[in-house]
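Everything on this sheet refers to the single structure shown next.
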Amino acid sequence: MLIEVINIVLLALLAVTAIAAVRLHDLFAVAMMFGIYSLLAAVMFVLLDAVDVAFTEAAVGMGISTVLMLGTIGLVGRHERASAHRSLLPLAVVVATGVALIYGTLDMPFFGDPDAPVHQHVAPFYISESPSQTGVPNVVTSILASYRGYDTLGELAVIFTAGVGVLGLLGLRRRKRPGKEGPHDDR
Amino acid sequence: MIDNPVLRIIAKIIIPMILLFALYVQFHGDYGPGGGFQAGVIFAAGFILYGLVFGTEALRSAIPPGVLRLLIAVGLLLFAGVGVVTMLAGSDYLAYNALAQDPLAGQHLGILAVEFGVGITVSAVMITIFLAFAGRNDP
Chain A
1 MLIEVINIVL LALLAVTAIA AVRLHDLFAV AMMFGIYSLL AAVMFVLLDA
51 VDVAFTEAAV GMGISTVLML GTIGLVGRHE RASAHRSLLP LAVVVATGVA
101 LIYGTLDMPF FGDPDAPVHQ HVAPFYISES PSQTGVPNVV TSILASYRGY
151 DTLGELAVIF TAGVGVLGLL GLRRRKRPGK EGPHDDR
Chain B
1 MIDNPVLRII AKIIIPMILL FALYVQFHGD YGPGGGFQAG VIFAAGFILY
51 GLVFGTEALR SAIPPGVLRL LIAVGLLLFA GVGVVTMLAG SDYLAYNALA
101 QDPLAGQHLG ILAVEFGVGI TVSAVMITIF LAFAGRNDP
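Right under this line is the structure:
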């Protein structure tokens, strides 16, 4: 009973934060809202017993990406320009997509259903064999680093590529260009 | 550089704790929540806090961009290199059992090494991205 109340309050807060982030025009406040949203999502993950995911969400979503957004705001200015176009068509597209996604979830197994395909495939093998095969108490670590080592190597390659891409686009050293250089020169 | 003594002193006190906590998350990931990715991000957060409070120029002298660029590659190479070592030991790519006489010890060693590689690359990439964004506004 208590867990349902907490879930409903958290989901309501998530919705409120999301709407506030859309409605606000002060980008600093929007960045803070996104940070709060990530923190609430991290709490949701803790309630779902996914502490590793919650940890990542809190560190990346709440920490690093908020700082990167603030860094960008420092470059582009704090206030959003009022948009000239009507947003009815995008709203219709978003609502239609949302309805389709909710319709899609109706066919999914219920949360925590032991007969769900995801709990029948390799998960039982990992849970029962991981302690004797890897000797690592945290099954998440043993899956990520050992059973699915190729996937994690691929993910690390993605992060590597992202870093190289940012270095290529923005660079670490500022090149001295002739003439005045302001934050808005590039556009 | 922010000229606020409270912020600067708090940052000086808290940054070592952040880095220590990141190392704990890194090497305790086998036993509790956490691992290379989270640890790398937390480690980077310590440096980013330093950069926010003391300026990106101070951050650049604390950890030079050339070292960061090197570390980005070192982490990935460490991960991929563990796979090469297991192949040289006569097993499959990333099959850690071959790393030691005892398969469990090999698994432990392999997981520790690849998680460390993940942590190095992730933290170096995060600090690099922060410097690339925040450093553009420097005079």
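For the record, the sequence lines run as chains A and B. Using my numbering, read the first sequence as starting at 1 and increasing by one per residue. Using my numbering, read the second sequence as starting at 1 and increasing by one per residue. Here a beta-carbon is modelled for each residue, glycine too, at the ideal position from N, C-alpha and C.
Can you tell me where the alpha helix (DSSP H) with residue i in it begins and where it stops?
{"i": "Ser-65(A)", "result": "65-76"}
{"i": "Met-108(A)", "result": "Where Met-108(A) is concerned, there is no enclosing alpha helix (DSSP H), given that its DSSP letter is neither H nor E."}
{"i": "Ser-61(B)", "result": "56-62"}
{"i": "Met-1(A)", "result": "Run containing Met-1(A): none; DSSP gives neither H nor E here."}
{"i": "Met-126(B)", "result": "103-134"}
{"i": "Pro-131(A)", "result": "123-134"}
{"i": "Tyr-150(A)", "result": "149-169"}
{"i": "Met-62(A)", "result": "Note, Met-62(A): premise wrong, no alpha helix (DSSP H); not H, not E."}
{"i": "Leu-69(B)", "result": "Inspection of the sequence shows that residue 69(B) is occupied by Arg rather than by Leu. Arg-69(B) -> alpha helix (DSSP H) spans 65-88."}
{"i": "Leu-20(B)", "result": "5-27"}
{"i": "Pro-117(A)", "result": "117-120"}
{"i": "Asp-52(A)", "result": "51-56"}
{"i": "Ser-142(A)", "result": "139-142"}
Name the chain B residues whose beta carbon is nearer than 7 Å to that of residue i?
{"i": "Tyr-150(A)", "result": "Leu-94"}
{"i": "Gly-34(A)", "result": "Residue identity differs from the one stated: residue 34(A) is Phe in this sequence, not Gly. Ordered by position in chain B, no residue passes the 7 Å Cβ test against Phe-34(A), which lies about 16 Å from the chain."}
{"i": "Phe-111(A)", "result": "By Cβ distance, chain B contributes nothing, its closest Cβ being about 21 Å from Phe-111(A), past 7 Å."}
So which residues on chain A does residue i lean against when the C-beta distance must stay under 7 Å?
{"i": "Tyr-31(B)", "result": "Pro-137 and Asn-138"}
{"i": "Met-126(B)", "result": "Ile-64"}
{"i": "Ile-42(B)", "result": "Ala-59"}
{"i": "Phe-37(B)", "result": "Thr-56"}
{"i": "Leu-80(B)", "result": "Checking the sequence, you will find Ala at residue 80(B) rather than Leu. Those are Leu-153, listed as they occur along chain A."}
{"i": "Gln-101(B)", "result": "None at all; the shortest Cβ gap to chain A is about 14 Å."}
{"i": "Ile-48(B)", "result": "Val-67"}
{"i": "Gly-90(B)", "result": "The premise fails here: Gly-90(B) is roughly 18 Å from chain A at the closest Cβ pair, so nothing lies under 7 Å."}
{"i": "Leu-59(B)", "result": "By Cβ distance, chain A contributes nothing, its closest Cβ being about 11 Å from Leu-59(B), past 7 Å."}
{"i": "Leu-20(B)", "result": "Chain A residues near Leu-20(B): none, gap ~15 Å exceeds 7 Å."}
Opposite residue i in the DSSP bridges: which residues?
{"i": "His-79(A)", "result": "Asp-26(A)"}
Using the beta-carbon of each residue, which ones in chain B are nearer than 8 Å to residue i?
{"i": "Ile-73(A)", "result": "Within chain B, no residue comes near Ile-73(A); the closest Cβ sits about 10 Å away, beyond 8 Å."}
{"i": "Gly-104(A)", "result": "Per Cβ cutoff of 8 Å: no residues; Gly-104(A) is ~29 Å from chain B at best."}
{"i": "Leu-170(A)", "result": "Ala-132, Phe-133 and Arg-136"}
{"i": "Ala-157(A)", "result": "Leu-76"}
{"i": "Gly-163(A)", "result": "Ile-72, Thr-121, Ala-124, Val-125, Thr-128 and Ile-129"}
Could you tell me which chain A residues have their CB closer than 8 Å to the CB of residue i, listed as they occur along the chain?
{"i": "Glu-115(B)", "result": "Thr-141 and Ala-145"}
{"i": "Gly-119(B)", "result": "Neighbours of Gly-119(B) on chain A: none; closest Cβ ~10 Å, over 8 Å."}
{"i": "Ile-111(B)", "result": "Thr-134, Val-136, Thr-141, Ser-142, Ala-145 and Ser-146"}
Starting from the beta carbon of residue i, find every residue of chain B whose beta carbon is closer than 9 Å, and list them in chain order.
{"i": "Val-166(A)", "result": "Val-125, Thr-128, Ile-129, Ala-132 and Phe-133"}
{"i": "Ala-31(A)", "result": "What Ala-31(A) touches in chain B: nothing, since even the nearest Cβ is about 13 Å away."}
{"i": "Phe-160(A)", "result": "Ile-72, Ala-73, Gly-75, Leu-76, Thr-121 and Val-125"}
Mind listing the chain A neighbours of residue i? Cutoff is C-beta to C-beta under 9 Å, in chain order.
{"i": "Ala-45(B)", "result": "Ala-59, Gly-63, Ile-64 and Val-67"}
{"i": "Gln-26(B)", "result": "Here the premise fails: no neighbours, minimum Cβ distance about 11 Å."}
Query - Sufficient close CB pairs (3 or more, under 8 Å) joining the region 32-45 of chain A to the region 15-33 of chain B - result: no
Report task. Could you tell me whether the region 148-164 of chain A touches the region 122-134 of chain B, where touching means 3 or more Cβ pairs closer than 8 Å? Result -> yes
Query raised in the report: Between the region 36-70 of chain A and chain B, which residues of the former have CB atoms less than 7 Å from a CB of the latter, in chain order?
Result: Val-51, Asp-52, Phe-55, Thr-56, Ala-59, Val-60, Gly-63, Ile-64, Val-67 and Leu-68
**Report entry** Touching by the beta-carbon criterion (3+ pairs, under 8 Å), the region 43-53 of chain B and the region 72-83 of chain B
**Finding:** no
Query raised in the report: Counting pairs of Cβ atoms below 8 Å between the region 46-65 of chain B and the region 95-103 of chain B, do you hit three or more?
Result: no
Query raised in the report: Using 8 Å as the Cβ pair cut-off and three pairs as the minimum, do the region 57-70 of chain B and the region 125-134 of chain B touch?
Result: yes
Query raised in the report: Between the region 82-95 of chain A and the region 34-43 of chain A, do three or more beta carbon pairs fall short of 8 Å?
Result: no
Requested in this report: Report yes or no: do three or more beta-carbon pairs, one from the region 144-151 of chain A and one from the region 104-121 of chain B, lie closer than 8 Å?
Outcome: yes
Report task. Say whether the region 5-17 of chain A touches the region 58-73 of chain A, bearing in mind that this needs 3 or more beta-carbon pairs closer than 8 Å, one atom from each stretch. Result -> no
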